[in-house]
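J.:
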Amino acid sequence: MPDRPKRVRKAVFPAAGLGTRFLPATKAQPKEMLPVVDKPLIQYSAEECAASGIENIIVVTGRGKNAIEDHFDQAPELEHFLREKGDSRRADLVRDIGAKIHFSYIRQREPLGLGHAVLVARELVGEEPFAVLLGDVICDGPEPVTRALCDVYEATGVGAIAVEAVPRELVHLYGIIDARPANERKWGDRLRQVIDLVEKPEADKAPSNLSVIGRYVLPPDVFDCLERTEPGRGGEIQLTDALRTLAREHGLWALTTEGKTYDAGDKLGFLKATVEFAAKNPEFGDAFRAYLKSLKL
Ligand code: G1P
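With our numbering applied, the sequence shown covers 104 to 400.
#1: Could you give the first and the last residue of the continuous beta strand (DSSP E) run that contains Asp366?
#2: For the beta strand (DSSP E) containing Val378, list its first residue and its last residue.
#3: Where does the unbroken beta strand (DSSP E) through His205 begin, and where does it stop?
#4: Whose CA, out of Ala393, Lys399, Glu272, Ala114, lies closest to the CA of Val248?
#5: Does Lys399 pass the burial test, meaning 16 or more other C-beta atoms within 10 Å, or should it be called exposed?
#6: Let me know the secondary structure DSSP gives Gly262 once reduced to three states.
#7: At a cut of 8 Å, does the region 159-179 reach the region 204-216 through at least three beta carbon pairs?
#8: Would Met104 be called buried (16 or more neighbouring beta carbons within 10 Å of its own) or exposed?
#9: If you measure from the beta carbon of Ala119 to each beta carbon in chain B, is any gap under 9 Å?
#10: Going along the chain, which unbroken runs of the beta strand (DSSP E) with 3 or more residues stay wholly within the region 140-170?
#11: If you run the structure through DSSP and keep just helix, strand and coil, what is Met104?
#12: For a quick check, are the C-beta atoms of Gly238 and Ser311 less than 9 Å apart?
#13: If you draw a straight line from the alpha carbon of Pro284 to that of Thr129, how long is it in whole angstroms?
#14: From what residue to what residue does the alpha helix (DSSP H) around Val315 run?
#15: Leaving aside the five residues before and after Leu276 along the sequence, list all residues of the same chain whose C-beta is less than 7 Å from its C-beta, in chain order.
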């Protein structure tokens, strides 16, 4: 086989979901556009990509998701209006959103699951490794999680997913891995070799408490694995199931994250992200923390 590119340049954002957990807020706007403080959820993932050296983002969308495309597009009238008013700070902010990365969009015509959404991006990804970021997860920490996964892939040529330990009573909400130590000196205990994965197991059937957080860097071989994946949990084509095949046939690493992960697809996780990002905000963080302290809850 000719040498395949190892550098990870592309990322896939599955964003076709109906966002039912946030109804009625998501009746007429995509869940990816719900703001956490002053940025829509999906922008956190886009910024993680920019900080990870990703050049192209492929957004897999569905009906009613046009606001995502508009958000990452240029907005000349708005920019012009702000510059005329002398507000170049906000004008730059509007322009910078989509300026660093090239965006493409493709539609998932039927809601057949996360695995199917990734498969829809196959032609746009081509024969190269790529990242997958689930936009309702915000990763915050010293190092962008996608960058760390790209480093593992670029050094080893084997796919890598980010995992985090969760309490046993929450394993039924996540993909859970079965893994053994990788013994790769560079990453120490953080890197494991994935033996198997289970999508949302019952607590007593979970092989560990290491959950798949929603950040993946995968070789293009995963597309063949997805093609062979039958509908699984919930009748959907699960990415987790395709990763079982990938792990068996091509290997797969699991890297423990060092920062904090917010599952903002869930109302409580969304509120925690909002409160913590607001508390760190350079503009009003001090005032917000003082306000929180003053609350008699
Ligand atoms: C998806 C994945 C699951 C993963 C989770 C992370 O599930 O299928 O393996 O652990 O994201 O948030 P969802 O939350 O979309 O149901």
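By construction, the Cβ of each residue, glycine as well, lies at the ideal position given by its N, Cα and C atoms.
T.: Reading from the atomic positions:
#1: In the DSSP assignment, Asp366 falls within the beta strand (DSSP E) that extends over 363-366.
#2: Careful: Val378 lies outside any beta strand (DSSP E), inside the alpha helix (DSSP H) at 370-383.
#3: 205-210 is the span of the beta strand (DSSP E), which, as asked, contains His205.
#4: Distance from the Cα of Val248 is smallest, within the candidate group Ala393, Lys399, Glu272, Ala114, for Ala114.
#5: Of the residues assessed, Lys399 falls on the exposed side of the cut-off, its CB having fewer than 16 other CB atoms within 10 angstroms.
#6: Shown here, Gly262 sits in a strand according to DSSP, grouped into three states.
#7: Yes, since at least three Cβ pairs between the region 159-179 and the region 204-216 fall closer than 8 Å, the two stretches touch.
#8: The pLDDT assigned to Met104 is 49, lower than 50, so where the model puts this residue is not dependable; a value taken from the coordinates is nonetheless given after this. Exposed.
#9: As a matter of chain content, chain B is missing from the structure shown, which is built from one protein chain.
#10: Listed in chain order, the complete beta strand (DSSP E) runs (minimum 3 residues) inside the region 140-170 are 159-164.
#11: Low local confidence applies: a pLDDT of 49 at Met104 is under 50, so the model's placement there is unreliable, with the coordinate-based value given in what follows. Three-state DSSP puts Met104 in coil, outside helix and strand.
#12: No, Cβ-Cβ distance for Gly238 and Ser311 is not below 9 Å.
#13: Each residue's Cα considered, the two are about 42 Å apart.
#14: Segment 313-321 is the beta strand (DSSP E) holding Val315; no alpha helix (DSSP H) there.
#15: For Leu276, where only same-chain residues beyond five positions count, the Cβ hits under 7 Å are Lys303.
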